[in-house]
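*Asks:* Numbers in this note's numbering are just positions in the sequence shown, counted from 1, shifted up by 16.
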Amino acid sequence: MKKISIIIFTFLLMINLITFSVMATQNTTSVEQTAQNEQENTEDAELIEKHAEVTSTYGRIVETKEIKEVVTGSVTDKVQEVVVEITEGDYIGEEFTTDYVLSYDMAGKIMAHELDVGDRVTVEITEDENGTATATVLDVVRANYLIGLLVLFLLSVILVGGKKGIRAILGLLLTILLIYFIMVKGIYSGKNAIITSIITAILIIVGTFIIIGDGINKKILTAAIGTLGGVLSAGIIALIFNNIAKMTGGGEEAIQLSLNMTTINFNFRDLLFSGILIASLGACMDVGMSIASSLDEIKLKNPEITGKELFKSGMNIGRDVIGTMTNTLILAYVGSSLTLILLFMACNMSLAEILNKETIAEEIISAITGSMGVVYTIPITSIVYSVLNKDKVIYKKISENKIDGKRSIKI
17 MKKISIIIFT FLLMINLITF SVMATQNTTS VEQTAQNEQE NTEDAELIEK
67 HAEVTSTYGR IVETKEIKEV VTGSVTDKVQ EVVVEITEGD YIGEEFTTDY
117 VLSYDMAGKI MAHELDVGDR VTVEITEDEN GTATATVLDV VRANYLIGLL
167 VLFLLSVILV GGKKGIRAIL GLLLTILLIY FIMVKGIYSG KNAIITSIIT
217 AILIIVGTFI IIGDGINKKI LTAAIGTLGG VLSAGIIALI FNNIAKMTGG
267 GEEAIQLSLN MTTINFNFRD LLFSGILIAS LGACMDVGMS IASSLDEIKL
317 KNPEITGKEL FKSGMNIGRD VIGTMTNTLI LAYVGSSLTL ILLFMACNMS
367 LAEILNKETI AEEIISAITG SMGVVYTIPI TSIVYSVLNK DKVIYKKISE
417 NKIDGKRSIK I
């Protein structure tokens, strides 16, 4: 218990120190710049409002008409004529006839799904200086479908996992809240992305393992330390190779969206590190807990096993896990980049040119460094558990068999 207390105290001290560092590194200059930009945007908005008022709202498709081609200069778009009823805002209940553009690109190679009666959509209403309003259907509202999928997932976890499934859901909820309120909000407000992501990872690891492990014990502590070591290893390696390869973190989407940013600037290189850290966290947690649970079971069945033997057992278990877990990360990153890879190939780019594209290179570095985090989680977890359990401790179990009104004790 003395060792556990020391390690827990070290964990808490580390979190407090890092938290203090994040608060100290808050960029006050960016806040002042943000206020200045907001004032300029307000003035620009006031000038625009004098000519036209634009309102974003929601609507429901009440009628669908024919699909036609609309030629604008040299561009031919396929559009669907629909009647949309506004369901929120000042124009609630009013119906507008408008065109929904189905072609995403000028060549018409990427097409949107046709709208059906009853679909909920986002609508932009423009009112000119004469008071005439026109509506434009922007996109389908997908929130309800996502919520339905989430409910199905939660029910599946509870059905299969029972009480442990409920704990897993609580751990997932904690993870989502920590990522949003600490990591996302922190980075958006100007805090250092690297430090903020490390704090988030620590809190996720400790909080999740305590929830699913029903408290703090040697197994949970071992899994937490092993996971943290593996994740930090992945982050450090990613940081080094990102600098060596001169990665900017600014892919095509980031470049396009950054053009519309007027109130805040991000350090995309730090964001690249944060993304890799969080992406590898799940796999490292899985491996850390698997090894810690396996070693705990071995220690329970064989209380006299030595720390050296425990370490060897942990490494043997980890070697069997490496293949599947590294494949999991590699396949996840390949799956997310598959469309881009095929598009690059369709543009007659060679394999060398594709691999040299920063968007693909980012995924490769993320996949490899994340897998290395999993690999390093194994020896770290094995070492920590063997150190905490090197003494020959007799585990006692209370039997359900009663003798003379007392429970017998099996050693």
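Note that beta-carbon positions come from the ideal geometry of N, C-alpha and C, so glycine has one too.
Hey, out of Lys94, Ile195 and Leu170, whose CA is closest to Ala184's CA?
*Replies:* Leu170
*Asks:* Do you know offhand how far Ser402's Cα is from Val350's?
*Replies:* 36 Å
*Asks:* Taking only runs that begin and end inside the segment 68-132, name each unbroken beta strand (DSSP E) of 3 or more residues, in chain order.
*Replies:* 68-88, 91-102 and 111-117
*Asks:* Would you decide whether Met305 is buried or exposed? Buried here means 16 or more other CB atoms lie within 10 Å of its CB.
*Replies:* buried
*Asks:* Would you call the segment 368-375 in contact with the segment 325-342, where contact means no fewer than 3 C-beta pairs closer than 8 Å?
*Replies:* no
*Asks:* Rounded to the nearest angstrom, what separates Gly223 and Ile321 at their Cα positions?
*Replies:* 30 Å
*Asks:* Let me confirm a value: Glu56 is counted as buried when at least 16 other C-beta atoms fall within 10 Å, else exposed. Which label applies?
*Replies:* The predicted position of Glu56 is uncertain, since its pLDDT is 48 and thus under 50; no value can be drawn from it.
*Asks:* In three-state DSSP terms, what is Arg285?
*Replies:* helix
*Asks:* Helix, strand or coil: how does DSSP classify Arg136 here?
*Replies:* strand
*Asks:* Taking Cβ positions, are Arg76 and Thr103 nearer each other than 8 Å?
*Replies:* yes
*Asks:* Within the continuous alpha helix (DSSP H) that includes Ala250, where are the two ends?
*Replies:* Lys234 to Ile260
*Asks:* Given this structure, state the Cα-to-Cα distance separating Ile12 from Phe289, to the nearest angstrom.
*Replies:* Lying before the first or after the last residue shown, residue 12 is absent from the chain, which here runs from 17 to 427.
*Asks:* Given Gly181, which residues of its chain have a CB within under 6 Å of its CB, disregarding the five upstream and five downstream residues?
*Replies:* Val173 and Ile174
*Asks:* In angstroms with no decimal places, state the Cα-to-Cα distance between Tyr107 and His129.
*Replies:* So the two alpha carbons sit approximately 26 Å from each other.
*Asks:* Which residue from Asp93, Glu79, Glu145 and Thr191 puts its Cα closest to that of Val100?
*Replies:* Glu79
*Asks:* What's the C-alpha gap between Tyr392 and Lys317?
*Replies:* Going by C-alpha positions, Tyr392 is about 27 Å away from Lys317.
*Asks:* Are the segment 246-262 and the segment 382-390 touching by the rule of at least three beta carbon pairs closer than 8 Å?
*Replies:* Output reads yes: the segment 382-390 touches the segment 246-262.
*Asks:* Just to confirm, is the Cβ distance from Ser72 to Thr150 under 8 Å?
*Replies:* Taking 8 Å as the Cβ cut-off, Ser72 and Thr150 do not qualify as a contacting pair.
*Asks:* Span of the alpha helix (DSSP H) holding Val157?
*Replies:* Note, Val157: premise wrong, no alpha helix (DSSP H); not H, not E.
*Asks:* Can you list, in chain order, the residues of its chain whose CB lies under 8 Å from that of Thr342, leaving out five sequence neighbours each side?
*Replies:* Ser387, Val390 and Val391
*Asks:* Answer with buried or exposed for Gly109, where buried requires no fewer than 16 other C-beta atoms within 10 angstroms of its C-beta.
*Replies:* Exposed.
*Asks:* Looking only at C-alpha atoms, which of Ile376, Ile357 and Ser382 sits nearest to Thr344?
*Replies:* Ser382
*Asks:* Mind pulling the alpha helix (DSSP H) runs of 4 or more residues that sit fully within the segment 305-379?
*Replies:* 323-362 and 367-372
*Asks:* When burial is assigned at 16 or more other CB atoms within 10 Å of the CB, is Phe360 buried or exposed?
*Replies:* buried
*Asks:* Would Ala239 be called buried (16 or more neighbouring beta carbons within 10 Å of its own) or exposed?
*Replies:* buried
*Asks:* Could you tell me which residues DSSP pairs with Val391 in its beta bridges?
*Replies:* Note: Val391 sits in no beta bridge, so no partner.
*Asks:* Among the candidates Pro395, Gly251, Ile294 and Thr212, whose CA atom is the shortest distance from the CA of Leu311?
*Replies:* Pro395
*Asks:* According to DSSP, simplified to helix, strand and coil, what is Thr397?
*Replies:* In the structure shown, the three-state DSSP call for Thr397 is helix.
*Asks:* Let's test the definition: count the other Cβ atoms within 10 Å of the Cβ of Glu378 and tell me whether it reaches 16, buried, or not, exposed.
*Replies:* Answer is buried; the Cβ neighbour count reaches 16.
*Asks:* Buried or exposed, going by whether 16 or more other CB atoms sit within 10 Å of the CB of Met301?
*Replies:* buried
*Asks:* For Thr150, which three-state DSSP category applies?
*Replies:* strand
*Asks:* Is it true that the CB of Ile294 sits closer than 8 Å to the CB of Ala362?
*Replies:* Not closer than 8 Å, so no.
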